[in-house]
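In case it helps, the working numbering puts the sequence shown at residues 31 to 580. The beta carbon of each residue, even a glycine, is placed where N, CA and C say it ideally should be. Reading through the structure tokens given below for one structure.
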Amino acid sequence: MDGNTVSILLGYGNGSFANRVEYSTGAYPDRVVVADFNNDTCLDIAVTNYFDNTISVLLGYGDGSFAMQKTYSTGNRPIGLAVSDFNNGTKLDIVVSNAGNNTIGILVGYGNGSFASQKTYSAGTYPLSLAVNDFNNDTRPDIVVTNRKDHTVSVLLRHDRGVMKNEITFTLSAGAHLACVAVSDFNKDNLLDIAVANYGSSNLGIILGYGNGMFGNELILSTGLQSHPYSIIINDFNKDDQVDISVVNHGTKNLNTFLGRGNRMFESQANYSTSFNVAPLALGAGDFNSDERLEIVVAYEDIDNLDIFFMYDVGDFSHRTTYSTSLWPSYVAFGDFNNDTRLDFVVTTEYYNNVAVYLGYANGSFANPTTYLVGRSSSRVVVGDFNNDDRSDIVVLNFSDDTVSVLLGYGNGSFAIQKIFSAGYNPCHLAIGDFNQDSRLDIVVANYDYYSVTILLGYGNGSFASKINYSTGSRSFSVAVGDFNNDTRQDIVVANFNNNSISVLLGYGNGSFTREVKYSTGTAPVWVAVYDINNDSRLDIVVTNRDDNT
């Protein structure tokens, strides 16, 4: 809001996004909609500017970039915003709620990205949020708006050629300071209903429609004491063909979901904490990682951050089951240790110098753990097949012993006694790969106090050759493996903690590596990962930097 811009974050399709690109708007931009205003099949943007008494329209080029804004006058203090074709002109029009002078304004579109001056209609006191749909089944778009200061909902039915009838006002029995409105069919009678976020009374109101523009009594859903719900979205979050509701609460700084039963009833709410101790203002939904499940995105007041909540098929974001471990569990890895096609996991526990193996059941739960002795201060753990018997084995890093432990799996969920191999001084991270192209897994270890990485070439029988060390010139904190120069040979990247760099060592394909090449990072890099972030078939490197929070 305060920056007077809109930000565009282009998605990569895997749940991550490019850096934002900003475009200027008017003063204090509030609501935003996306639609094709000039019929060029490219998406455009419209924004309400609260302090300017305008809306900004930014026409899209179709490549993720946008033209400079064009502004259009509205009433006083525009907030709510929606799009529809109100005059059957096959061209999109814009409707805006003018909170400062208690009106609704319609700007008829010309189909070329420009708009006529607004025509206004009376609403209640301080109209805030609005939505568009057909409430009386005449195939014409109607408008519903929440009036915050007189605690009412106004419905404006379309008469003809873009002209709206006088408003119909509904007073909510348990609603106060109405903040947001959404429309859906909550009871599966093919008639549209209304959901309202009641900021002042900390609840949601569900108002059933009769199909003639009139509505019945409201159903109340509590969002919690002093929660002050502010924004809502409607969708089917758990894929049961029933309409669900998600709401962000300004007062309690959390997210609620209500799962619909299809008969106007909803299951008990689920509450999710947000990442920031500031009030959430808006939310939306979409499939950001192409897993055919909806995620929820939350925007906040006065900070430049978003939260994305990734969802499971059951409509639950955070259902958890807790399993006991020994003291100081540090790292976890997954594999199928008993060849039953179900995932199991192993946890390292530093205090007792062991690993705990949890075998998985078909229902997503796990058996009690079986522990195996390893070295002192066991930390990182990786799963692989080190003796080529098609059974999962485990390799563990022992920080205080300067060793790695290899536990060969029997394929029934149990493991042999550890085999110990020397690493460098204070090893703190490891990865696996085939560095000499012999189809046998090898190990690379980052040595924190040895300023090096250690290579252990595998014989394919669960044992390894003597270590080979390569200097990194700094405290090596994390290591990852990938082919960075597309020569089909595996290379290594290392995070150098105390000189703010990463080292890349290119592999020759025979188990040896070139001298390091350094690249600058942020302050105190502690973790490195490898991935093709921009889908160009070339591996990229991601580094987390502890001291500058990047």
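Between the CA atoms of Asp115 and Arg170 - distance to the nearest angstrom: 9 Å
The beta strand (DSSP E) spanning Ile571 covers which residue range? 570–575
With Ile134 and Tyr156 assumed to form a contact (beta carbons below 8 Å), what rounded beta-carbon distance in angstroms separates them? About 12 Å separates the two Cβ atoms, so there is no contact after all.
Cβ of Val425 within 9 Å of any chain C Cβ: Given the protein chain composition of this structure (a single chain), no chain C is represented.
If Ile263 and Leu249 are in contact, beta carbons under 8 Å, what's the gap, nearest whole angstrom? The Cβ separation is near 18 Å, so there is no contact.
Using only the alpha-carbon positions, how far apart do Asn368 and Ala112 sit? 56 Å
Can you give the Cα-Cα distance for Thr84 and Asp317, rounded to whole angstroms? 32 Å
Pull up the DSSP beta-bridge partners for Ser501, would you. Ser482
What span of residues does the beta strand (DSSP E) with Thr253 cover, start to end? It is not in any beta strand (DSSP E) - Thr253 carries neither H nor E in the DSSP assignment.
In the structure shown, what three-state DSSP assignment does Ala146 receive? coil
Please state whether DSSP places Thr78 in a helix, a strand or coil. strand
Have a look at Val36 and Asn177 and give me their C-alpha separation to the nearest angstrom. 26 Å
Mapping DSSP to helix, strand and coil, what is Ala397? coil
Starting from Leu88, follow its DSSP beta bridges and name the residues at the other end. Ile75
Under 6 Å Cβ to Cβ from Gly292, same chain only, skipping five residues before and after it: list those, please. Lys218, Gln272
Best match in Ser257, Gly390, Glu297, Asn384 for proximity to Val425 [C-alpha to C-alpha]: Asn384
Output yes or no for whether 9 Å exceeds the beta carbon distance between Ala495 and Val573. no
Over the uninterrupted beta strand (DSSP E) stretch that includes Gly563, give me the two end residues. Note that residue 563 is Ile in the sequence shown here, rather than Gly. Note, Ile563: premise wrong, no beta strand (DSSP E); not H, not E.
What three-state label does DSSP hand Gly506 in the structure shown? What sits at residue 506 in the sequence shown is Ser, not Gly. Looking at Ser506 - three-state DSSP - the assignment turns out to be strand.
Straight-line Cα distance separating Gly490 from Phe451: 15 Å
So, are the CB atoms of Tyr402 and Leu427 less than 9 Å apart? no
Could you give the residue range of the beta strand (DSSP E) that holds Glu52? 51–54
Restricting to Cα atoms, I'd like to know which of Tyr330, Gly314, Gln148, Leu222 is closest to Asp164. Leu222
Option in Glu297, Thr101, Ile275 with minimal Cα separation from Leu313: Ile275
Residue from Asn228, Asn68, Ile136 whose Cα sits closest to the Cα of Asp180: Asn228
Check this for me: beta carbons of Leu289 and Asn301, under 9 Å apart or not? no
From the DSSP output, which residues share a beta bridge with Leu208? Asn228
Could you say which of Gly405, Val547, Asn575, Thr544 lies nearest to Ala559 if we only look at CA atoms? Asn575
Opening and closing residue of the beta strand (DSSP E) in which Tyr549 lies: 547–550
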